[in-house]
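Trainee:
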Amino acid sequence: MHKVIFDTDPGVDDAMALLFLHHHPEIDLLGITTVFGNASVETTTRNALFLKREWGIDAPVARGEGRTWNPMRNPVDWPVTIHGDDGLGNIDVPETIDLPVDPRPAHRFIIDTVKANPGEVTLIAVGRMSNLAYALKEAPEIAGLVRQVIIMGGAFDVPGNITPAAEANIHGDPEAADVVMTAPWKVVVVGLDVTMRTVMTRKMLADLVTRGGERLKLLSDISQFYIDFYGRHVEDGMVVHDSCACLYLVAPELFATRSGAIRVVAGGIADGQTIQKPDGHAFPPGNWDDIPSQQVCTGIDVDRAMALLRETL
Ligand code: BDR
Ligand code: CA
């Protein structure tokens with residue numbers, strides 16, 4: 001069984017990934033931690049509670065603090081044209097959901113849960129990396145206790161999606177992402193290099209609704225706005241970014257990876273760019289020397305990945 005904390009900013013593709021985690025038989029979802037990104041942290045937390053209620057998910061929801069690592073950055077640039085004003089495709093999510101939120105802030109929930117399950121927890125982070133960075137700051141020892149960190153974020157050999165250099169999750173809090181990528185824990189990055197290839201077409205989604213009933217109907221309803229946006233990038237479907245991170249957990253054999261230290265640019269024209277120094281490349285001594293080698297996904301078996309996603313949903 002894979003024990004998972006899902007750190008997320010729901011978000012339409014986040015919602016699909018959450019349903020995948022909920023339905024996959026080898027995943028034990030220990031908690032959902034929320035972060036700002038696709039909307040404010042108030043809205044993404046409300047959305048997590050809404051999805052938890054609608055889909056009957058047991059896992060607790062802990063709210064992130066909604067602040068970037070660098071206080072000079074302002075976390076308010078919500079991509080309302082992609083996920084809608086409410087983060088879930090403008091489907092009229094109720095203002096408040098009558099379910100409790102965990103009393104701890106997200107980073108404290110992460111620390112406590114990792115310590116209670118040493119060596120067992122996988123952190124899947126599909127929003128800004130802020131909560132993970134705050135958890136490391138408060139309890140650096142968790143780096144040695146986490147099984148692995150799987151990140152949806154970054155663009156290595158392809159252009160970004162928020163600037164030519166940067167992908168949105170990293171661009172929203174680059175300093176936090178650099179803390180997370182350079183910490184002494186195992187990181188696997190599933191970035192735009194592979195996620196832009198994974199498309200759920202309208203037809204696939206309609207088939208899922210026919211086979212899967214009300215849960216899939218809700219997923220389809222929230223996805224229409226996002227599909228309309230992605231029409232300018234892919235043909236008649238949605239890119240399933242965040243599900244790719246979850247697919248990596250249960251089927252890493254579907255991905256090709258490259259090893260090497262990763263750093264994140266903070267500031268300037270390439271703000272939020274992710275850079276990997278491939279292992280084996282020698283440079284003059286410098287500030288890359290003591291950074292742990294991590295994995296970046298460079299390839300994906302799209303057909304098998306999409307088949308696994310659809311079957312699980
Ligand atoms: C990432 O940004 C968000 O819009 C998505 O939820 C995904 O996590 C893709 O760049
Ligand atoms: Ca996301």
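Residue numbers (this note's numbering): 1 to 313.
Here a beta-carbon is modelled for each residue, glycine too, at the ideal position from N, C-alpha and C.
(1) Is the beta carbon of HIS241 within less than 6 Å of some heavy atom of ligand 1?
(2) MET152 lies in the beta strand (DSSP E); which residues open and close that run?
(3) Within 10 angstroms of the Cβ of VAL265, are there 16 or more other Cβ atoms? Answer buried if so, exposed if not.
(4) Which residue comes first and which comes last in the alpha helix (DSSP H) that contains ARG211?
(5) Could you check whether the Cβ of GLY267 sits closer than 6 Å to any heavy atom belonging to ligand 2?
(6) At the level of alpha carbons, what is the spacing between LYS52 and ILE275?
(7) Please indicate yes or no: does the CB of ASP228 lie closer than 6 Å to some heavy atom of ligand 3?
(8) Sorted by chain position, which residues of the same chain lie with C-beta nearer than 6 Å to PHE50's C-beta, five sequence neighbours on each side aside?
(9) Closer than 8 Å by C-beta to ASP112: which residues in its own chain qualify, once you throw out the five before and the five after it? Chain order, please.
(10) Could you pull out every unbroken alpha helix (DSSP H) segment of at least 4 residues lying fully inside the segment 168 to 250, listed in chain order?
(11) Does ligand 2 have even one heavy atom less than 6 Å from the beta-carbon of GLY127?
(12) By the three-class DSSP mapping on this structure, what secondary structure does ASP92 have?
(13) Is ASP14 near ligand 2, going by C-beta to nearest heavy atom under 6 Å?
(14) Let me confirm a value: GLY144 is counted as buried when at least 16 other C-beta atoms fall within 10 Å, else exposed. Which label applies?
Mentor: Result, derived from the coordinates:
(1) Along the sequence shown, one-based indexing puts residue 241 at 241. Because some heavy atom of ligand 1 lies under 6 Å away, the Cβ of HIS241 counts as near it: yes.
(2) As a position in the sequence shown, residue 152 is number 152, starting the count at 1. Where MET152 is concerned, the enclosing beta strand (DSSP E) stretches over 148 to 152.
(3) For the purposes of this step, residue 265 is taken as the residue at position 265 of the sequence shown. If you draw a 10 Å sphere on the C-beta of VAL265, you find 16 or more other C-beta atoms in it, and that means buried.
(4) Counting from 1 along the sequence shown, the entry for residue 211 is found at position 211. Start and end: 202 to 212.
(5) Position 267 of the sequence shown holds residue 267. False, no ligand heavy atom lies under 6 Å from that Cβ.
(6) Sequence index remark: in the sequence shown, residue 52 carries index 52 (1-based). Sequence index remark: in the sequence shown, residue 275 carries index 275 (1-based). Cα to Cα, LYS52 sits roughly 36 Å from ILE275.
(7) With respect to ligand 3, the structure offers nothing, as its ligand set consists of ligand 1 and ligand 2.
(8) Along the sequence shown, one-based indexing puts residue 50 at 50. Taken in chain order, the residues that qualify are VAL93 and ILE97.
(9) Walking along the sequence shown from the start, residue 112 turns up at place 112. Closer than 8 Å at Cβ, skipping near neighbours: ARG104.
(10) 168 to 171, 174 to 182, 192 to 195, 202 to 212, 214 to 230 and 241 to 250
(11) The count along the sequence shown starts at 1 and reaches residue 127 at position 127. Yes; taking the cut-off as 6 Å, the Cβ of GLY127 has a heavy atom of ligand 2 nearer than that.
(12) Looking up residue 92 in the sequence shown gives position 92. ASP92: coil per DSSP, three-state reduction.
(13) Here residue 14 is taken as the residue at index 14 of the sequence shown, counted from 1. Indeed, a heavy atom of ligand 2 lies less than 6 Å from the Cβ.
(14) For the purposes of this step, residue 144 is identified with residue 144 of the sequence shown, where counting begins at 1. Flag for GLY144 reads exposed.
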